[in-house]
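Student:
8 protein chains.
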Amino acid sequence: MTESQPRVLILMGSDSDLDAMQGAVRALGEFGVRCEVKVLSVHRAPDLALLEASRARERGIRVIICGAGAAAHLAGAVAAKTTLPVIGVPLESGALRGLDALYATVQMPPGVPVATVAIGGAHNAAILAVQMLALSEPELAERLAAYKRKLVEQVEEKDRRAQERLREDGLS
Amino acid sequence: MTESQPRVLILMGSDSDLDAMQGAVRALGEFGVRCEVKVLSVHRAPDLALLEASRARERGIRVIICGAGAAAHLAGAVAAKTTLPVIGVPLESGALRGLDALYATVQMPPGVPVATVAIGGAHNAAILAVQMLALSEPELAERLAAYKRKLVEQVEEKDRRAQERLREDGLS
Amino acid sequence: MTESQPRVLILMGSDSDLDAMQGAVRALGEFGVRCEVKVLSVHRAPDLALLEASRARERGIRVIICGAGAAAHLAGAVAAKTTLPVIGVPLESGALRGLDALYATVQMPPGVPVATVAIGGAHNAAILAVQMLALSEPELAERLAAYKRKLVEQVEEKDRRAQERLREDGLS
Amino acid sequence: MTESQPRVLILMGSDSDLDAMQGAVRALGEFGVRCEVKVLSVHRAPDLALLEASRARERGIRVIICGAGAAAHLAGAVAAKTTLPVIGVPLESGALRGLDALYATVQMPPGVPVATVAIGGAHNAAILAVQMLALSEPELAERLAAYKRKLVEQVEEKDRRAQERLREDGLS
Amino acid sequence: MTESQPRVLILMGSDSDLDAMQGAVRALGEFGVRCEVKVLSVHRAPDLALLEASRARERGIRVIICGAGAAAHLAGAVAAKTTLPVIGVPLESGALRGLDALYATVQMPPGVPVATVAIGGAHNAAILAVQMLALSEPELAERLAAYKRKLVEQVEEKDRRAQERLREDGLS
Amino acid sequence: MTESQPRVLILMGSDSDLDAMQGAVRALGEFGVRCEVKVLSVHRAPDLALLEASRARERGIRVIICGAGAAAHLAGAVAAKTTLPVIGVPLESGALRGLDALYATVQMPPGVPVATVAIGGAHNAAILAVQMLALSEPELAERLAAYKRKLVEQVEEKDRRAQERLREDGLS
Amino acid sequence: MTESQPRVLILMGSDSDLDAMQGAVRALGEFGVRCEVKVLSVHRAPDLALLEASRARERGIRVIICGAGAAAHLAGAVAAKTTLPVIGVPLESGALRGLDALYATVQMPPGVPVATVAIGGAHNAAILAVQMLALSEPELAERLAAYKRKLVEQVEEKDRRAQERLREDGLS
Amino acid sequence: MTESQPRVLILMGSDSDLDAMQGAVRALGEFGVRCEVKVLSVHRAPDLALLEASRARERGIRVIICGAGAAAHLAGAVAAKTTLPVIGVPLESGALRGLDALYATVQMPPGVPVATVAIGGAHNAAILAVQMLALSEPELAERLAAYKRKLVEQVEEKDRRAQERLREDGLS
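Residue numbers (the numbering used here), protein chains in the order written: chain A, 10 to 181; chain B, 10 to 181; chain C, 10 to 181; chain D, 10 to 181; chain E, 10 to 181; chain F, 10 to 181; chain G, 10 to 181; chain H, 10 to 181.
(1) Rounded C-beta distance between A86/H and H82/C? I'm assuming under 8 Å.
(2) Output needed for A124/C: all residues of its chain with C-beta closer than 8 Å, excluding positions within five of it in sequence on either side, in chain order.
(3) Measuring alpha carbon to alpha carbon, tell me which of L108/F, E162/F, T92/F and P99/F ends up nearest L142/H.
(4) With DSSP as the reference, label T125/F as helix, strand or coil.
(5) Is G107/B helix, strand or coil by DSSP?
(6) If you reduce the DSSP assignment to three classes, tell me which class M117/D lands in.
(7) From the DSSP secondary-structure annotation, give me the bridge partner or partners of R57/F.
(8) Determine the closest residue to F40/G out of L180/G, R53/G and K157/G, with distance taken between C-alpha atoms.
(9) Please classify S13/C as buried or exposed, where buried requires at least 16 neighbouring CB atoms within 10 angstroms.
(10) Would you please verify whether the beta carbon of T11/E is less than 8 Å from any beta carbon of chain D?
(11) For P99/E, which beta-bridge partners are listed by DSSP?
(12) Give me the Cβ distance between R35/G and I70/G, rounded to the nearest whole Å; I'm assuming they're in contact under 8 Å.
(13) With a threshold of 8 Å between beta carbons, is G103/C in contact with chain F?
(14) For chain A, check one thing: does any of its Cβ atoms lie closer than 8 Å to the Cβ of Y112/B?
(15) Rank Q116/C, Y112/C and R66/C by C-alpha distance to the C-alpha of S145/A and give the top, closest one.
(16) Are the region 56 to 65 of chain E and the region 124 to 134 of chain D touching, with three or more C-beta to C-beta distances below 8 Å?
(17) Where DSSP assigns a beta bridge to I19/D, which residues make up the other side?
(18) Would you check if the region 111 to 121 of chain A and the region 148 to 166 of chain B touch, i.e. whether three or more CB-CB distances between them fall below 8 Å?
(19) I want to verify the contact list: residues of chain G whose CB lies under 8 Å from the CB of A127/H, in sequence order.
(20) When you compare the CB of V34/E with every CB in chain B, is at least one pair closer than 8 Å?
(21) With distances taken Cα to Cα, identify the nearest neighbour of D26/D among D168/G, C44/G, K90/G and G120/G.
(22) Could you give the residue range of the alpha helix (DSSP H) that holds R158/E?
(23) Relative to chain B, which residues along the region 42 to 65 of chain A have a C-beta separation below 7 Å, given in chain order?
(24) By a C-beta neighbour count over all protein chains shown, 10 Å radius and 16 as the cutoff for buried, is D28/D buried or exposed?
(25) I'd like to know whether the C-beta of K90/G is nearer than 8 Å to at least one C-beta of chain F.
(26) For R68/F, tell me which candidate among C44/F, L100/F and E173/F has the shortest Cα-Cα distance.
(27) My understanding is that G120/E touches L100/E, with C-beta atoms under 8 Å, so please give their C-beta distance in whole angstroms.
(28) Can you pull the chain A residues whose beta carbon is under 9 Å from the beta carbon of S145/H, in chain order?
(29) Report buried or exposed for M10/H, applying the criterion of at least 16 other Cβ atoms within 10 angstroms of its Cβ.
(30) Could you tell me if K90/H is buried or exposed, where buried requires 16 or more neighbouring beta carbons within 10 angstroms of its beta carbon?
(31) Tell me whether R176/C is buried or exposed, calling it buried when 16 or more other Cβ atoms sit within 10 Å of its Cβ.
(32) Here's the rule: buried if 16 or more other CB atoms are within 10 angstroms of the residue's CB, otherwise exposed. What is A110/G?
(33) Which class does G85/F belong to by DSSP, given the choice of helix, strand or coil?
(34) Excluding sequence positions up to five away, which residues of its chain have a Cβ less than 8 Å from the Cβ of G107/C?
(35) In this structure, does DSSP put Q31/B in helix, strand or coil?
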C-alpha cells in the first residue's frame, strides 16, 4: 500500500490542541495511513474552514477528524459542507471540562451526523477512520485484526504487571 | 421613527421553532422595531446561512437574533461572519432539554462572542436588541424606560391577584 | 446496485426500541442499502450478541448500528468483537433521559471506538453508515450529494412555511 | 475618536476577580474604548451597586459588563436598574466551577435580559460591548472589521506553528 | 399566643408561584403563626423588593421566606438588605427544572447566607421558620414537638395502608 | 425449601412508593423467597427505622432492600445499624428525577456500603437479594440459572416480535 | 452577654473536616457566641450521633450546624431527632466535588427541613445561626448590623485595592 | 476458617487501576477472605473476560468485584455471564471524573443487577462482599460486628484529635 496522498484530514482549532490530537496522528502512522493536519477555526476563519471541508473529497480525502473544545462547532460545520464521514473529538478545556464540547459535537440535527468519540479520544478517532477505510482495503482490515490481537496481549501484559506489583506489596 | 427597512434579523433552524421564537417578533413589534424572520440552517444549508450573515450589515441589519436547539451552532456561525452583535436563544428540545443548546451557544471561543439569553428566552432577546439599538436612538430609550415602568406595574397587578386568591382560599 | 445481502446490521436491546430505531431502517431504505434488524441483548443474552458481532464481517455486513438505553453497553460490546465500524445510538429512557446511555456509549477506552450520534439519532446513524459505504461506492456518494441538496430545499420550504404563518398571524 | 468619558463600566464583586476580568479591560483598550472598573457587590453592598447601576446612563455609560461567580446576581441586579445593555461574565469559582454562575447569570426572567458570554469570557464581553457601540460609530465598526481579519491571520499563524511542531516531532 | 402582627413574610416573584408556595402559608397557619404574602420581583421592580426587605425588621417581621425560579435572585437580594434570617425556596420552572434556582439560591457568597430548602420545599420553609421562632417561644416549641409526634403517626398510618394494599394485591 | 420466616425485608418511606417497589415483591415471590414490606422513614420516624434495622438480623432477615427518593437516607441509615447486606433503590421523584436519590444512596463513606441498583430498579434489587441468598442455597442458585435462561428466551421472543412488526410495516 | 454554655453545636463527620468547618467556629467566636465542636458520624456511629441530636435542646443548644460530604446524611439525621433548627454545610470531597453532598443535604422530605448553605459555606452557616439567635437577643442583632456595615467597608476597600492594581498595571 | 481457595474475584481493566482497587484487596485480607486479582478488559479482550466470568462459580468464587472507569462495562458484562453477585466500583478518570462510570455501572437493565458502590469505593466493595459471604459464615458475621465496633472507636478517636487541634488553635 503506497500512500502518496493523505487520505485522512485532521483539523483542530489551535496549535495548542496538538497535544490532545497527537494520538490520532501517531495511530494513523502506525497503520500506514497518511494524514494531513491543519489548524482551522470555524469561528475565527470560517471561510477557510468551509473551503477546506468542501474541497476535501476532490482532493482525495476520505475521512475528516475534527478536534475542538468548548462550543465545539468545527466537526458540525465541516460535516455541513461534505458528504465524507466526519469524526468529532470533543476536547477537554475550561470550566465545563469538555462536557460542552461533547454536547456541541454529538447532538447534531437530522441529516448531518458527526461520528463522536470520547472526550479527548483522539486515538480512537484514528482507529475509527481506519475501520472506515478498511471497508474497501483488505490490507487495512488485516492490520486492524492484528491490532485487536495486540490489544489482547496488552491486557495479558497488564495482568502480569499487576500480579508482580501485588507480590511486591505482599498482597497475593 | 419611520422604519421602512428591517433592522433586526431573526434566524431559526426550522419553521417549527416559530412557536418558541414568536415572543421575539411580538416584542420587537411592540417597540416599533421592524424585523425580518428567516428559516436558515447552518448544518443543512450552510452557504445560505453564512451568506445571509455576511450580507446583513450592508442590508441595514443592526442586530441578529438566532434561535437554535441541540448542537446549536447557528448563532456562533453567524457571529463568525459578521461584526454585528449576535444574540443567541438556546431552544429547549430533545432529551437534554436545551442544556446542550445553552452550552453550544454560550461557550464561544475568544474573539467571537454570542450574547446568550435564557433557554427559550426569545422575548428577552428582543429586549436586548432594542437596548442595543436604543444606544443611538433616544426615542427607543424612552420606550425602554416606559417598558420598565410597566414591568413594575405588572408586579403590582400580580400582587393584587395574589391577595385576591389568598382571600378566596381563606389564607389571608 | 443490486443488493441481495444486507450490508448494515441494526441491533437493539428490545422490540420496544423499534420506534426509536425505525428512522435508521427507513433512511437506509431510501438510500437503497439493505439492512438486517435484530433484537439482541449484551446483558440478557450475551453469547448471542457477541456471536452476532463476531460473525458480522464474514456474513458480508459492513457497518453495525446499535441502539441502546440506560447503561448502554451494546455498541461497546459489539465493537469489542469486530473490526467493522460500529455506530452507537444512545436511546432516551428512564430517569436520566438518555444521558446515561450517551456516556456509556461514547466514553469508550482507547482501542475500541464507537461512532456515537445524538441521543435518539437513529436517522443520522443511517446517514453515517451510508457515508462509510459510499467511500467505495460512487453511486452512494452521488445519492449523498443529492440528499444534501434536498436538505437545502427542505430549509427553503421551511422558510416558505414560516413566512406564510407569519403572514397569517399578522407578524410580517 | 477622542474619549474623555468612560463609556463602558466594568463591575466585579471583588478585587480578586480582577485577574479573570482583566481581559475585558485590555480588549477595550485595544479598541480605544475608555472603560471604568469598579468593585461592587450586590450582596454585601447592595445600595452602592444599585445606585451605580441607576446612575450609569446619565453619567454617559453605554454598556455595563458584570463579572461574578457562584450565585452570580450582579449582572441581573444591575440589569434591573438600568435600560442600558448589560453583559454578564460568569466566573469560575468553588466546587461547581462556574456552572452555578452561568445558570444564575443567563436564566433571567422575561423583561430583564443579561447578555451572557462564556464562563470566564471577559475578552468576549469586551468585543460584544464594542459591537454594540459600533452600531453608531463607523470608526469602531472598521476596527472590528480589522480585528476579524486579524483573527484569520492568527489562525494561519497557528497553523504554521502546528506544521513546524509536527515536522520537529517527525509527524509530517 | 395572640398574633395581631404578621411575623413571617412570604415573598414570591409572581402570583403564578402561589400554587408552589401555598404549602408555606398553610403550614404556618397550622402552627398559628401569622404571615403576610407579597408578590415582589427583584428584577422587574427592584426598588419595591429592596424597600420591603429593608423595612421588614422594624415592621415586626422575624423571618422572610422567598420563593423564586430560574435565575432566582429574590432570596439573595432580600438577604442583602436585612439581618433577619432569610429562607429560600428554589422553584421548579422551565428547561432546567429548578436546578438553576437551587444553584442561584444556595451558592451565596460569604457574609450573606440564604437558608435554602429543597426545590419546591415551601412546606419545609415554613417548618424551618417556626423552628427559628420557637427558639424564644416555648409554646411554638411544644407545637413542634407535637408535630414531630404526628410525623411518626403518619408513618405508621402509611404502613397500615401499605399492608392493606399488599393484601388486596395478594402480595403478602 | 419451606419458608415460614421472611428472609428479605423491603423498606420504603411511604405507601406511595409501593408502585415503584412492587417489582421487588413480585420478583422475590417468583423465586419463592418470602419477604416482609414495611413503611418506615429515617427522617420522620427515625427511632422505628433504626430499631427495625438493628433487630433485622436476629429476626432471621438476611438481606434488606430500601427504596427512597430525594435526599434518600433510608438505605444508608439502615446500613449503619446492621451488618446485613443492604440494597438501595433510588426512586425517581421531584425536580431532580432521582439523581439526588442516586447520589445520596451510592456515595456512602468507607465502612458502610449500600449495594445500589438503578434508579427505579426494584426488580433488580430483588434479583440481587436472591443472588446473595443463593450463595448458601443451591436450590436458589438453580432457579437463578433457570431465570437467566428465560432472559435469553425473552430476547429471542422480542426478536420475533420485532421481525413481525418490521414485516407489517413493510420494512423487511 | 456572658456565655458559659455553648449554644451552637457544630457537628462534622471527621477531624479532617475541621479545615472546611473552621470558618464557622471562627465566625461564631467573632460574634461572642460560644459553640461546641464534635466529630460524629451518622453512618459509622449512628447511636452517638442520634443521642447527641436528641439531647441537644435540653443541654441548652439552640442551633446545630452539620458539615458533611458525599452521601451527606448527618444534617438530615440530626434534624430527624430534634426540633431545633439544623443548618447543613455540604462539603466538597471526592469525584462529585460536593454536588452529591448538596443534593443529599438540601432535598429533605416534607416535615424535616435542613437549612442548607453553599458548598463549603461554613462561614455563612455561622452567620445564619447568629441571625436565628438574634431573633431574641437584641445585642446580637446589633452586632449583625455592625457586621453588615463592615461588609460594605470591605467592598470599598476591595475597590481601592482594585484601582491601585489597575494603576500599577497601567490599565486605568 | 482455612481458606485455600480464593472466594472473591477482583477484576479491573488495567494494572493502573491497582491503586484505586487496592483498598478492596487489603480490606478482604483483614477479614481473612482470600481473593484473586485479575486484569481483564471486556472491550480489549472480551473473550477472556467473559470466560473468566462464566467459569467463576465452578472455580469456587462466590462474589466478583469489578473496578472500571469511563464507559465502565466490565461489571455489567460479567454480571451477564454469571449468577453470582457482582459488585461494581466506578473509577474516577478523565474529563467526566467517574460520573460516566457511575451511570454505566449502576443503570443496568431488569434482570442483570450490579451492586454499585461509590465512585472509587473499593474498600466498601470488599465490606459488601464480606457481608454477602457472612450470610452463611457465622465467623465472618462476628468479624463484621467487631469491624462495626471499630468504626465507632475510630469516630471517638477522630473526635479526640479534633478537640486537640481546636485547643492548639485556641478555638475551644
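Every residue, glycine too, gets a C-beta built ideally from N, C-alpha and C.
Tutor: Looking at the atomic coordinates:
(1) The sequence position of residue 86/H within the eighth sequence is 77, counting from 1. The sequence position of residue 82/C within the third sequence is 73, counting from 1. At roughly 7 Å, the Cβ-Cβ gap stays under 8 Å, so A86/H and H82/C are in contact.
(2) For the purposes of this step, residue 124/C is identified with residue 115 of the third sequence, where counting begins at 1. Cβ neighbours of A124/C beyond the five flanking positions: P94, V95, I96, G97 and L137.
(3) Mapped onto the eighth sequence, residue 142/H falls at position 133. Taking only the C-alpha atoms, the option nearest L142/H is T92/F.
(4) Looking up residue 125/F in the sixth sequence gives position 116. T125/F: strand per DSSP, three-state reduction.
(5) Your numbering for residue 107/B matches position 98 in the second sequence. Coil at G107/B, not helix or strand.
(6) Sequence index remark: in the fourth sequence, residue 117/D carries index 108 (1-based). Reduced to three states, the DSSP call for M117/D is coil.
(7) Position 48 of the sixth sequence, counting from 1, holds the residue named residue 57/F. A small fix is needed here, since residue 57/F is Leu in this sequence, not Arg. For L57/F, which the question treats as bridged, DSSP gives no partner whatsoever.
(8) Here residue 40/G is taken as the residue at index 31 of the seventh sequence, counted from 1. The residue with the shortest Cα to Cα distance from F40/G is K157/G.
(9) In the third sequence, the residue the question calls residue 13/C occupies position 4. By the neighbour-count rule (16 or more Cβ atoms within 10 Å), S13/C is not buried but exposed.
(10) What you label residue 11/E is simply residue 2 of the fifth sequence in a count that begins at 1. Low confidence applies here, because T11/E scores a pLDDT of 45, under 50, leaving its location unreliable and the question unanswered by this model.
(11) Along the fifth sequence, read from residue 1 onward, the residue named residue 99/E stands at position 90. P99/E pairs with A77/E.
(12) To locate residue 35/G, count along the seventh sequence from 1; it is residue 26. To locate residue 70/G, count along the seventh sequence from 1; it is residue 61. R35/G to I70/G, Cβ: 19 Å. No contact.
(13) Position 94 of the third sequence holds residue 103/C. Output row for G103/C: interface = yes.
(14) Residue mapping note: residue 112/B aligns to position 103 of the second sequence, counting from 1. Chain A contact via Cβ: present.
(15) The sequence position of residue 145/A within the first sequence is 136, counting from 1. S145/A has its Cα closest to that of R66/C, out of Q116/C, Y112/C and R66/C.
(16) no
(17) The residue labelled residue 19/D in the question sits at position 10 within the fourth sequence. Answer by DSSP bridge pairing, in chain order: V46/D and I74/D.
(18) no
(19) Here residue 127/H refers to the residue found at position 118 when the eighth sequence is read from its first residue. Chain G residues near A127/H: A79, A80 and G103.
(20) As a working note, residue 34/E is residue 25 in the fifth sequence. So, interface residue.
(21) The residue given as residue 26/D occupies position 17 in the fourth sequence. Ranking the options by Cα distance to D26/D, first place goes to D168/G.
(22) As a first step, residue 158/E is located in the fifth sequence; it is residue number 149 there, counting from the start. From DSSP, the alpha helix (DSSP H) with R158/E extends over P147 to E177.
(23) V51, H52, R53, P55 and L59
(24) In the fourth sequence, counting from the first residue as 1, residue 28/D sits at position 19. Exposed, by the Cβ-count rule.
(25) Reading the seventh sequence from its first residue, position 81 is the one you call residue 90/G. It does: the Cβ of K90/G has a partner Cβ on chain F nearer than 8 Å.
(26) If you number the sixth sequence from 1, residue 68/F lands on position 59. Closest by alpha carbon: C44/F.
(27) Within the fifth sequence, the letter at position 111 stands for residue 120/E. Within the fifth sequence, the letter at position 91 stands for residue 100/E. Incorrect: roughly 25 Å between the Cβ atoms, too far for contact.
(28) For the purposes of this step, residue 145/H is taken as residue 136 along the eighth sequence, with counting starting at 1. Correct list: empty, because the minimum Cβ distance to chain A is about 26 Å.
(29) The sequence position of residue 10/H within the eighth sequence is 1, counting from 1. Annotation note: pLDDT 43 at M10/H (below 50); position unreliable, no value reported.
(30) Taking the first residue of the eighth sequence as 1, we reach residue 90/H at position 81. So K90/H counts as buried.
(31) As a working note, residue 176/C is residue 167 in the third sequence. Answer is exposed; the Cβ neighbour count stays below 16.
(32) Residue 110/G sits at position 101 when you count from the first residue of the seventh sequence. By the 10 Å Cβ count, A110/G comes out buried.
(33) Position 76 of the sixth sequence, counted from the first residue, corresponds to residue 85/F. Reduced to three states, the DSSP call for G85/F is helix.
(34) The residue labelled residue 107/C in the question sits at position 98 within the third sequence. Contacts found: G78, P99, L100, E101, I128 and G129.
(35) If you number the second sequence from 1, residue 31/B lands on position 22. Helix.
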